[in-house]
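Working notes for the structure below.
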Amino acid sequence: DSLTEGLDELARELDNEHVFHSWSAQSQHSTLTVASGRGSRVWDHSGREYLDFSSQLVNVNIGHQHPAVVQAIREQAELLTTIAPSTVNLARGEAAKRIVARAPSGFHKVFFTNGGADANENAIRMARLHTGRDKILSTYRSYHGNTGAAVVATGDWRRVPNEFARAHVHFFGPYLYRSEFWASTPEEESERALRHLRRVIESEGPSSIAAVLLETIPGTAGIMLPPPGYLAGVRELCDRHGIMLILDEVMCGFGRSGRWFAFDGYDVRPDLITFAKGVNSGYVPAGGVVISDPIAATFDDRVFPGGLTYSGHPLAMASIVATLDAMESESIVEHAREIGAESIGPALEDLTERHEAIGEVRGEGVFWAMELVTDRKTREPLPAAAMGRLKSALVGRGLLPFVMENRIHVVPPCVVTAEEVADAMAIYDEVLSTALEGEG
Ligand code: PLP
3 DSLTEGLDEL ARELDNEHVF HSWSAQSQHS TLTVASGRGS RVWDHSGREY LDFSSQLVNV
63 NIGHQHPAVV QAIREQAELL TTIAPSTVNL ARGEAAKRIV ARAPSGFHKV FFTNGGADAN
123 ENAIRMARLH TGRDKILSTY RSYHGNTGAA VVATGDWRRV PNEFARAHVH FFGPYLYRSE
183 FWASTPEEES ERALRHLRRV IESEGPSSIA AVLLETIPGT AGIMLPPPGY LAGVRELCDR
243 HGIMLILDEV MCGFGRSGRW FAFDGYDVRP DLITFAKGVN SGYVPAGGVV ISDPIAATFD
303 DRVFPGGLTY SGHPLAMASI VATLDAMESE SIVEHAREIG AESIGPALED LTERHEAIGE
363 VRGEGVFWAM ELVTDRKTRE PLPAAAMGRL KSALVGRGLL PFVMENRIHV VPPCVVTAEE
423 VADAMAIYDE VLSTALEGEG
């Protein structure tokens with residue numbers, strides 16, 4: 003009705019006048035309004051419905067407004083909404099216990115942060131202080147967050163133990179579809195990417211390298227599942243040189259890949275695990291680092307020079323406890339694995355057969371990418387203008403997509419149903435037919 007439609011208008015007006023948005027030229031920011039949600043669907047104030055195949059920023063793994071999580075936040079809010087991180091708090095211990103229970107043996111401690119970027123900041127800090135080394139190696143095709151200057155700007159003593167030279171070195175990870183190594187099989191890609199990393203480590207000086215930081219499955223960069231032997235090979239290189247391995251599970255963790263941790267599917271054991279997003283589906287901002295025993299022991303008698311006002315915030319902790327319990331009791335991770343193998347994967351293969359513009363689909367669980375090209379042979383990425391048209395057409399037909407460069411990431415909540423997958427696929431199918439006319 004006109005009253006609720008008025009709220010959409012009001013929301014857009016206020017947003018346009020006063021809200022400054024992430025990663026955007028402000029004049030070109032989207033006007034899509036979301037007022038409420040449930041499971042894999044969201045609505046604006048006037049009741050227009052969208053299928054959320056983005057899980058927002060690939061974080062709403064349990065779906066929108068899971069009643070048990072909402073209830074747990076409500077109950078915690080009535081008991082205690084905030085408390086300093088230095089105090090002992092039961093919700094924090096319960097959350098940490100549940101996260102550690104999903105980690106490999108030899109992990110007993112969790113450091114809580116506000117999100118994924120500060121999880122990586124703190125994991126890097128731990129690796130540097132534990133090894134006494136400085137350099138961090140990570141891949142060009144990665145996203146690890148956007149913080150970095152605050153502690154160096156700090157004037158008091160807390161700056162000093164953090165004044166590393168901050169050397170960051172990048173290398174290429176495996177990505178067979180656009181191989182940097184002229185590889186034609188996953189095995190070749192794995193072997194050559196490992197040789198490249200070995201050469202980078204040797205050339206940088208192994209004893210200067212604190213850590214290799216990797217997304218177990220690179221997410222925003224394109225959902226590239228690591229080829230056979232790659233992660234085990236990275237682990238071996240790290241072991242040979244006393245380098246810590248930090249696996250960033252911020253996007254791929256907590257059900258996204260169809261496993262609790264994505265690395266559970268590979269022969270690899272990290273030294274530090276960073277998480278955020280799916281751990282509580284972002285109902286309250288939270289992230290953290292799961293710390294292996296030797297690194298934790300470094301700080302038994304030595305001050306850890308890192309902290310946050312909201313580390314282990316009670317509302318975030320209560321939401322983690324309820325999220326992990328619901329994911330367990332409702333077999334949500336298993337559902338993500340099955341819906342990927344039985345519905346999403348086959349449906350995307352089918353779409354690929356019907357649309358020349360799809361160069362490749364890849365993924366598992368509820369973590370898939372469609373790579374769009376102008377020509378299957380040259381693999382020339384579909385240009386930005388065409389991607390923009392696809393994105394608007396998808397939203398216009400009631401699907402919230404995750405679009406990155408020339409890719410559509412198919413990343414619904416873990417609780418998505420087979421019917422919702424079928425509905426989404428019909429929308430992708432129609433839009434790929436109509437929005438790309440005259441393309442390629
Ligand atoms: N690491 C990965 C793999 C991510 O995908 C992201 C966010 O997309 C981050 C870290 C940063 O997390 P946040 O935005 O919570 O700081």
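Per the UniProt record's numbering, the sequence shown starts with residue 3, numbered consecutively.
Idealized CB from N, CA, C, for every residue including glycine.
Treat the numbers as computed from the prediction; the structure is a model and nothing was measured.
The region 83-97 and the region 377-393 do not touch, with fewer than three beta-carbon pairs separated by less than 8 Å.
The C-beta of A426 has 16 or more other C-beta atoms within 10 Å across all chains shown, which makes the residue buried.
For secondary structure counted as the alpha helix (DSSP H) over 4 or more consecutive residues, the region 322-409 holds these complete runs in sequence order: 334-341, 347-356, 386-398. Contact check for A213 and S144: beta-carbon distance about 13 Å, past the 8 Å limit, so the pair fails to qualify. 8 Å or more divides the Cβ of P414 from the Cβ of D46. With respect to F173, H198 sits close: the two C-beta atoms are nearer than 8 Å. For G308, same chain residues with a beta-carbon under 6 Å away, outside a window of 5 residues either side, are N124, R127 in chain order.
Cβ neighbours of A105 within its own chain (closer than 8 Å, five residues either side excluded): F263, I275, V292. Excluding the 5 residues flanking it on each side, A324 has same chain C-beta neighbours closer than 6 Å at A70, V71, A74, in chain order. Within the same chain, and ignoring the five residues on either side of H132 in sequence, the residues whose Cβ sits closer than 6 Å to its Cβ are I297, T300. For E238, the uninterrupted alpha helix (DSSP H) segment begins and ends at 232-243.
One alpha carbon belongs to A103, the other to D250, and they sit about 18 Å apart. In this structure, Y145 has its beta carbon less than 7 Å from a heavy atom of the ligand PLP. For the ligand PLP, no non-hydrogen atom lies closer than 7 Å to the CB of M389. Shown here for R364: same chain residues with a beta carbon closer than 8 Å to its own, the five before and five after excluded, namely Y179, I225, M226, L227, W370, A371, E373 in chain order. Per DSSP, R40 lies in no alpha helix (DSSP H) segment; the continuous beta strand (DSSP E) that holds it begins and ends at 38-40. Under the Cβ criterion (8 Å, minimum of three pairs), the region 187-204 does not count as touching the region 253-267. The region 309-323 makes no contact with the region 335-343, as fewer than three CB pairs between them are under 8 Å. Following the DSSP letters along the chain, one finds A119 inside the alpha helix (DSSP H) bounded by residues 118-133.
The region 190-216 is shown to contain no whole beta strand (DSSP E) run of 3 or more residues. Boundaries of the alpha helix (DSSP H) around L59: 57-60. Here V375 is near G361, since their CB atoms are less than 8 Å apart.
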